[in-house]
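Numbered according to this note's numbering, the sequence shown terminates at residue 245, and the numbering increases by one at each position without gaps. Even for Gly, the Cβ is constructed at its ideal location relative to N, Cα and C. Here the structure is a predicted model, which is why all the values come from computation and not from measurement. To start, the structure itself, in structure tokens.
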Amino acid sequence: MAKTVGISVSAVQRIWRAHGLQPHRVRQFKLSRDPEFIPKLRDIVGLYVDPPAHAVVLSVDEKSQIQALDRTQPGLPMKTGRAGTMTHDYKRHGTTTLFGAERARRACHRPVHAAPSTPRVHSLPQRHRGRRARGKAGPCDPRQNYAAHKHPKVRGWLTCHPRFFFHFTPTSCSWLNAVEGFFAKLAKQRLKRGVFHSIVDLQATINRLLEHTNNDPQPFIWTKDPDEIIAACQMRASSVRFAH
């Protein structure tokens with residue numbers, strides 16, 4: 002830009018700084034195209050803020066394709082004046098899938114320590130399969146297929162168990178699912194810098210974090226007003242349409 006305009010590089014930097022411009026940075030976003038985005042959003046937030054009486058609310062999801070990555074060379078530890086090192090390339094020793102459920106409790110009118118969120122692991126299958134083995138889950142188990150709201154066996158299971166109700170998050174809105182917060186914690190604290198020589202090592206690491214989290218659970222309290230989320234999404238959608 003400095004060459005094109007015919008001014009110095011420092012002048013361009015001063016102009017950018019004065020107007021708060023950072024052209025080297027990009028923020029990503031994705032808008033939900035679900036036609037029932039607003040009612041689903043209010044439904045899920047309502048379960049967090051004011052769940053039905055005498056009901057247990059579980060936030061359930063899966064984290065699939067968790068890779069057991071082993072570095073091609075051992076890294077060096079952190080020392081004074083030098084960061085820890087880790088090779089860019091790696092060896093992959095397979096993948097596993099984590100099914101998690103986090104219990105959401107009403108946060109209002111209760112002390113903080115009485116409203117824990119408790120992530121629990123349902124299964125860590127050795128292979129990535131859409132259908133689970135009958136010995137681990139029955140033919141009508143709602144966890145058998147990842148597209149839980151579409152599979153006919155899941156619909157049949159719900160018909161046979163009228164006490165259970167599924168509330169689905171809108172399309173492209175995994176951030177609305179409370180258990181995703183635990184998955185993010187898992188990726189940041191254990192998986193991102195982890196070195197795993199086998200699937201067994203990976204599963205042991207996941208189970209240790211689950212045990213640590215369940216022994217000292219922290220409360221999950223929803224604070225964002227749904228109207229603010231809807232307004233922000235509508236503003237973003239209008240700006241995208243204007244840009245096109």
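Measuring C-alpha to C-alpha distances from Asp-90 to each of Ala-54, Phe-100, Gly-76 and Thr-98 identifies Gly-76 as the nearest. Residue Ala-102 holds the alpha-carbon nearest to the alpha-carbon of Asn-215 among Ala-102, Thr-96, Ile-8 and Ile-67. In the assembly as shown, Leu-99 is a buried residue. Its beta-carbon has 16 or more other beta-carbons within 10 Å. Of all C-beta pairs linking the stretch 155 to 171 to the stretch 36 to 51, three or more are shorter than 8 Å, placing the two stretches in contact.
For Phe-167, no beta strand (DSSP E) run applies, since DSSP gives it neither H nor E. CA-to-CA, the gap between Ser-60 and Trp-223 works out to about 13 Å.
The beta carbon of Val-58 sits closer than 6 Å to those of Leu-48, Pro-52 and Ala-105, all from its chain and outside the five residues before and after it, given in chain order.
Pairing Asn-208 with Gln-68, the inter-Cα distance amounts to about 15 Å. The DSSP-derived three-state label of Thr-96 is strand. Ile-45 and Glu-229 have their alpha carbons spaced roughly 15 Å apart. The residue among Leu-32, Val-6 and Val-196 with its C-alpha nearest the C-alpha of Leu-177 is Leu-32. Put simply, of Arg-191, Ser-199 and Arg-43 the residue whose alpha carbon is nearest the alpha carbon of Thr-96 is Ser-199. Look at Ile-222 here: in three-state DSSP terms it is coil, with no helix or strand label. The beta carbons of Arg-191 and Thr-206 sit closer together than 8 Å. Counting of Cβ neighbours within 10 angstroms places Phe-30 among the exposed residues, the total staying below 16. Our two residues, Lys-4 and Val-10, have alpha carbons roughly 8 Å apart in a direct line.
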